[in-house]
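Numbering (mature numbering (1 follows the signal peptide of the UniProt record, and there is no 0)), first residue to last: -22 to -1, 1 to 235. Data block below; observations after.
So this is what it looks like as structure tokens:
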């Protein structure tokens, strides 16, 4: 179990260091206590009410590889809406609210309408609305203020590891010193051979705030891997947004046990 997590950590820390965004001006000049690192992380959270973004997505799993253009709209803490297109044709739509996940895709004429079990199974870890929202914004998937962490300097970043991490559920966070945004989040369930990594390769300025530019998500289940690369091409915050969504008639429902 421990070997599985250590190997995963080593691979991803190496990948992170290959495209480090810290640079000379982002070098750590002083050590901070974990509480200060966590406080700074939350102080730098992206402040918005609504969001409209265009995202280039590269999705690959054991069965398929697609590169759609995705429109993302959000209303903070209320709605996440996505529309995926290729060659101008809508392929799928997703609407996520705090208590519900709805999705349909046109290739196989299927849909899902339920809770977060489908997303959790897809990415190999338990998800809820807040975790999905935080993942897209470069924030921690978990409430770091509720735990005690050990802090270390790794790859020119502040590495946070829970002092009392559960053996069946390992977590690791790497926070950039120049903006205190996430560089890397690692979640692993060694017994079940499940792991999720979220690598934030670069950030961009939106207004005067730091927002993710490129995100690499890797979900591993046994020997199967899902890879999702997100490239935010444009981001507008606090525009007027709408969330049109209806499931076409005649589509087959997907169920998740």
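For glycine and all other residues, C-beta sits at the position ideal for the given N, C-alpha and C.
- DSSP, read as helix, strand or coil, puts residue 107 in helix.
- The continuous alpha helix (DSSP H) containing residue 101 extends over residues 95 to 101.
- Straight across, the Cα-Cα distance linking residue 209 with residue 47 is about 10 angstroms.
- Taking 8 angstroms as the upper bound for CB-CB distance, residue 215 and residue 184 are in contact here, some 6 angstroms apart.
- Residue pairing by DSSP puts residue 188 in a beta bridge opposite 183.
- In the structure shown, residue 13 adopts helical secondary structure according to DSSP, grouped into three states.
- In the DSSP assignment, residue 61 is bridged to 49, 71.
- Annotation for residue 158: 18, 19, 22 place their beta carbon closer than 6 angstroms to its own, counting only its chain and skipping 5 residues before and after.
- Straight across, the Cα-Cα distance linking residue 197 with residue 173 is about 6 angstroms.
- Bounds of the beta strand (DSSP E) holding residue 89 are 88 to 92.
- Take residue 187, set aside five residues on each side of it, and the residues of its chain with a beta-carbon closer than 6 angstroms to its own are 24, in chain order.
- Contact holds between the segment 80 to 91 and the segment 223 to 235, because three or more Cβ pairs, one in each stretch, are under 8 angstroms apart.
- In its chain, beyond the 5 residues on either side, 202 have a beta carbon closer than 7 angstroms to the beta carbon of residue 40.
- In terms of CA proximity to residue 219, 50 leads the group 140, 55, 167, 50.
- By a beta-carbon distance limit of 8 angstroms, residue 127 contacts residue 138. Their separation comes to about 4 angstroms.
- Pairing residue 64 with residue 160, the inter-Cα distance amounts to about 30 angstroms.
- Here residue 42 is exposed: its Cβ has fewer than 16 other Cβ atoms, across all protein chains shown, within 10 Å.
- Between the C-alpha atoms of residue 153 and residue 37 there is a straight-line separation of about 25 angstroms.
- Apart from sequence neighbours up to five positions away, the residues of its chain that approach residue 33 with a beta-carbon distance below 8 angstroms are 47, 48, 49, 50, 208, 209, 210, 211, ordered along the chain.
- When DSSP reads this structure, residue 163 sits in a beta bridge with 151, 176.
- Non-local C-beta neighbours of residue 28 in its own chain, meaning closer than 8 angstroms and more than five positions away in sequence, comprise 51, 52, 53, 54, 215, 216, 217, 218, 219, ordered along the chain.
- In this structure, the beta-carbon distance from residue 6 to residue 155 falls below 8 angstroms.
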